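K.L.:
Take this structure, written in structure tokens, and hold onto it; I'll ask about it next.
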């Protein structure tokens, strides 16, 4: 017998729970952004992906290293830059919240001179040789700056 708890996210437990996850996920959204570490990816990604696919749900798996790092912050910024759905963004924010990770610039120690720092980060992220240039569209320091600001506002709105 499966047990389902929703508060605000779902927790499903029981025999073959991963094989059945698509049935429960179907009522929440139709596109899932799934973040997990290497261990969980190896253990469950194929099963979860198959279950979601069998229920007609889209999904994207991404590896997470379990810490708030430049790469993880860039991931949210990338979602904003590429106009990802709010469902994807809220899934990532919910995951960060469950792990107790910061979701806003203030939570990361933002200071009054934060605008200058954000502009410096945006410029550095667009330097020659940075992986941001692998995006399927042009990325500029201004667009990165704007995406960071929007990501911060999305984090603030999510918390409120």
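Numbering (the UniProt record's numbering), first residue to last: 1 to 160. Where is the CB? At the ideal position from N, CA and C, for every residue including glycine. All values derive from a computational prediction rather than experimental measurement.
1. Let me check understanding here. Comparing Cα to Cα, which of 48, 128 and 84 lies closest to residue 150?
2. Can you check whether the CB of residue 152 is closer than 7 Å to the CB of residue 105?
3. Taking the CB atoms as reference points, tell me whether residue 18 and residue 48 lie closer together than 7 Å.
4. Which of the three DSSP states is assigned to residue 59 in this structure?
5. Does residue 96 pass the burial test, meaning 16 or more other C-beta atoms within 10 Å, or should it be called exposed?
6. Determine, using beta carbons only, whether residue 33 and residue 111 come nearer to each other than 7 Å.
P.N.:
Result, derived from the coordinates:
1. Of the candidates 48, 128 and 84, 84 places its Cα closest to the Cα of residue 150.
2. Their beta carbons are under 7 Å apart, which means residue 105 touches residue 152 by this criterion.
3. Here residue 18 is near residue 48, since their CB atoms are less than 7 Å apart.
4. Under the three-state reduction of DSSP output, residue 59 falls in the strand class.
5. Buried, because 16 or more other Cβ atoms sit within 10 Å of the Cβ of residue 96.
6. 7 Å or more divides the Cβ of residue 33 from the Cβ of residue 111.
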